[in-house]
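Participant:
Residue numbers (this note's numbering): 1041 to 1362.
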């Protein structure tokens, strides 16, 4: 019989010794190219993952681009509990323009193109060769998916006779970071207004501020699965899930009570999946990756919305308490 002592989620995550850098050669090349192209650009589209809105903010971009006009796009809205009221608070003081989107949604892409047309009409004089954009962001936040959706919506009439979706897609996409490794040539998104964009590789920070930021980035897929210990990443996921819902309902398919013990949870996951061996052992790394990917890819059938940034979780909790 289990103790009736109330469950208390951890308030502090263990300070694991993990690498705080994943800055690669193609990241450096992309930043250099961004600096060279900056004078030719009318607008920047910066994509951030709304499940980790703080961690996926790359301060390098502002250093390179200065005060270049920018539209911030928070992706994965279908998987996030981030609230527009919180975003309003963050961006109002900086007079920053933002939208909350699903990169695969044609409806959201129509709204973006409508906003781009408004911006184009406000330009005096209008750009003679059309509006030139660049889409930027951390690795694997949805940039290339967004380019493809915007293009399908913006050039819908031209694509009306195209039978193959592959012919309409110009930006490669994938579930791991690093699919786009070079800044693309100009891609036309629309003819009314005439909008041209460069897709860029996701760019990591030379160093992130702390282990929790790196773990948040791991949870949204900004770094490869092999870069950090999967059990530590899974433990951080358990930590943030408990902060948001201490009842354990976010992993209730594996256990009927909340827990702070990642090994207890992984054992239950392996048991439920039928991968527990007769001696009680199981593949810890594979089970941890399964747990993380279920949340990262939004594969849960219910209760799948989440935040991975502790600071954002605390801000939303404070608003809910008021």
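Backbone N, C-alpha and C fix where the C-beta goes; we use that ideal spot for every residue, glycine too.
None of these values were measured; they are calculated from a predicted model.
#1: Tell me which residues share the same chain as residue 1059 and place their Cβ nearer than 8 Å to its Cβ, disregarding the 5 neighbours each side in the sequence.
#2: Give me the Cα-Cα distance between residue 1057 and residue 1281, rounded to the nearest whole angstrom.
#3: Buried or exposed: which applies to residue 1241, given that a residue is buried once 16 or more other Cβ atoms fall within 10 Å of its Cβ?
#4: Does the pairing of the segment 1090–1107 with the segment 1309–1319 give three or more beta-carbon distances under 8 Å?
#5: So the alpha helix (DSSP H) residue 1111 belongs to, where does it begin and stop?
#6: Quick check on DSSP: helix, strand or coil for residue 1057?
#7: Is it true that the segment 1113–1133 meets the segment 1343–1359, where meeting means three or more beta-carbon pairs spaced less than 8 Å apart?
#8: Between residue 1054 and residue 1293, what straight-line distance do the alpha-carbon atoms span, to the nearest angstrom?
#9: Answer with buried or exposed for residue 1331, where buried requires no fewer than 16 other C-beta atoms within 10 angstroms of its C-beta.
#10: Take residue 1097 and list the residues in its own chain whose beta-carbon comes closer than 7 Å to its own, dropping the five residues that flank it on each side.
#11: In angstroms, rounded to a whole number, what distance separates the CA positions of residue 1179 and residue 1285?
#12: Alpha carbon to alpha carbon, how far is residue 1194 from residue 1170? Give it in angstroms, no decimals.
#13: With DSSP as the reference, please indicate the residues paired to residue 1089 in a beta bridge.
#14: Quick one: is residue 1342 buried, meaning 16 or more other Cβ sit within 10 Å of its Cβ, or exposed?
#15: According to the Cβ coordinates, are residue 1300 and residue 1079 closer than 8 Å?
#16: Considering residue 1283, what are the terminal residues of the alpha helix (DSSP H) in which it resides?
#17: Does the pairing of the segment 1181–1189 with the segment 1142–1149 give three or more beta-carbon distances under 8 Å?
Facilitator: Looking at the coordinates:
#1: So the list reads 1254, 1267, 1268, once near-sequence residues are dropped.
#2: Each residue's alpha carbon lies about 22 Å from the other.
#3: Buried, by the Cβ-count rule.
#4: Here the segment 1090–1107 does not lie against the segment 1309–1319, with fewer than 3 beta-carbon pairs under 8 Å apart.
#5: Counting along the chain, residue 1111 falls outside any alpha helix (DSSP H), though it belongs to the beta strand (DSSP E) covering 1110–1115.
#6: It is coil, neither helix nor strand.
#7: Contact between the segment 1113–1133 and the segment 1343–1359 is present, because at least three Cβ pairs lie under 8 Å.
#8: Rounded to the nearest whole angstrom, the CA to CA distance from residue 1054 to residue 1293 is 26 Å.
#9: Buried, because 16 or more other Cβ atoms sit within 10 Å of the Cβ of residue 1331.
#10: Here the set comprises 1088.
#11: Taking the CA atoms as reference points, residue 1179 sits about 28 Å from residue 1285.
#12: So the alpha carbons of these two residues sit roughly 14 Å apart.
#13: Residue 1089 has 1115 as its beta-bridge partners, per DSSP.
#14: It is exposed - the Cβ of residue 1342 has fewer than 16 other Cβ atoms within 10 Å.
#15: Cβ distance not < 8 Å, so residue 1300 and residue 1079 don't count as in contact.
#16: Residue 1283 -> alpha helix (DSSP H) spans 1270–1284.
#17: Yes, the segment 1181–1189 is in contact with the segment 1142–1149.
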